[in-house]
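*Asks:*
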Amino acid sequence: MKKILSTLIFLISFSNLSLASECKINLEANGMMQFSTNTISIDSSCEKFTINLKNTGTLDVNLAGHNVVISKKADFNYLTSIVNPSNGIGNGYLPDDKKVIYKTKFLGPNETFSLILDTNKFVKGQEYIFWCSFLGHWGVMNGTITLS
């Protein structure tokens with residue numbers, strides 16, 4: 019009886035661990051202008067969500083840096099139209115704009131950055147997109163973010 023009870027307690031505690039939401043994702047950006055995933059799902063139980071970005075490419079940040087910009091999908095075309103190197107590489111070539119929910123700096127080869135998102139900025143059912151704002155990258159380096 020004791021053995022059965024111990025096993026049952028172990029299984030219940032293990033199942034609770036598997037149900038716990040992981041409030042982070044490791045996202046790689048490579049030299050082929052690709053993110054390692056095109057979908058990020060944020061569990062609504064997460065108050066904060068971390069995107070651990072790593073540039074696995076080999077080209078210098080000035081030639082092909084990678085970053086993450088997060089916006090509503092409806093604002094994507096507008097935001098890509100205002101990308102301009104005159105805004106500065108440190109700003110991801112973007113001016114300050116309230117339509118940008120989050121943006122990181124450009125990363126060079128093997129650089130990493132952890133972006134911590136406040137999930138209160140996201141609304142369930144709204145379409146969000148993450149993308150790279152380096153010139154020409156956003157056409158293929160983008161994906162969806164959903165709050166589930």
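The numbering used here applies: residue 19 is where the sequence shown begins, and numbers increase by one. Just so you know, even glycine gets a beta-carbon here, dropped at the ideal spot from N, CA and C. Quantities reported herein were computed from a predicted structural model and do not represent experimental measurements.
For Asn85, count the other beta carbons within 10 Å of its own beta carbon; 16 or more makes it buried, fewer makes it exposed. Which is it?
*Replies:* Indexing the sequence shown from 1 puts residue 85 at position 67. The residue is buried, with at least 16 neighbouring Cβ atoms inside 10 Å.
*Asks:* Could you tell me which residues DSSP puts in a beta bridge with Glu46?
*Replies:* Indexing the sequence shown from 1 puts residue 46 at position 28. In DSSP, Glu46 forms a bridge with Lys72.
*Asks:* Excluding the 5 residues flanking Ile100 on each side, which residues of the same chain have their C-beta closer than 8 Å to its C-beta?
*Replies:* Sequence index remark: in the sequence shown, residue 100 carries index 82 (1-based). Closer than 8 Å at the Cβ level, and outside the excluded window around Ile100, lie Leu112, Pro113, Asp115.
*Asks:* Using only the alpha-carbon positions, how far apart do Lys72 and Gln52 sit?
*Replies:* Counting from one through the sequence shown, the residue named residue 72 turns up at place 54. Counting from one through the sequence shown, the residue named residue 52 turns up at place 34. Their backbone Cα atoms lie some 12 Å apart in a straight line.
*Asks:* Could you pull the start and end residues of the alpha helix (DSSP H) that Asn95 belongs to?
*Replies:* Locating residue 95 in the sequence shown gives position 77, counting from the first residue. Run containing Asn95: 94-99, per the alpha helix (DSSP H) assignment.
*Asks:* Kindly provide the ranges of any beta strand (DSSP E) runs that are 3 or more residues long and lie completely inside the region 102-132, ordered along the chain.
*Replies:* Taking only runs of at least 3 residues, the beta strand (DSSP E) segments lying wholly in the region 102-132 are 118-121.
*Asks:* So Gly161 packs on Ile58, CB below 8 Å; how close in whole Å?
*Replies:* For the purposes of this step, residue 161 is identified with residue 143 of the sequence shown, where counting begins at 1. For the purposes of this step, residue 58 is identified with residue 40 of the sequence shown, where counting begins at 1. That pair is a contact at about 7 Å.
*Asks:* Quick check on Asn56: does DSSP put it in helix, strand or coil?
*Replies:* Indexing the sequence shown from 1 puts residue 56 at position 38. In the structure shown, Asn56 sits in coil (DSSP, three-state: anything other than H, G, I, E or B).
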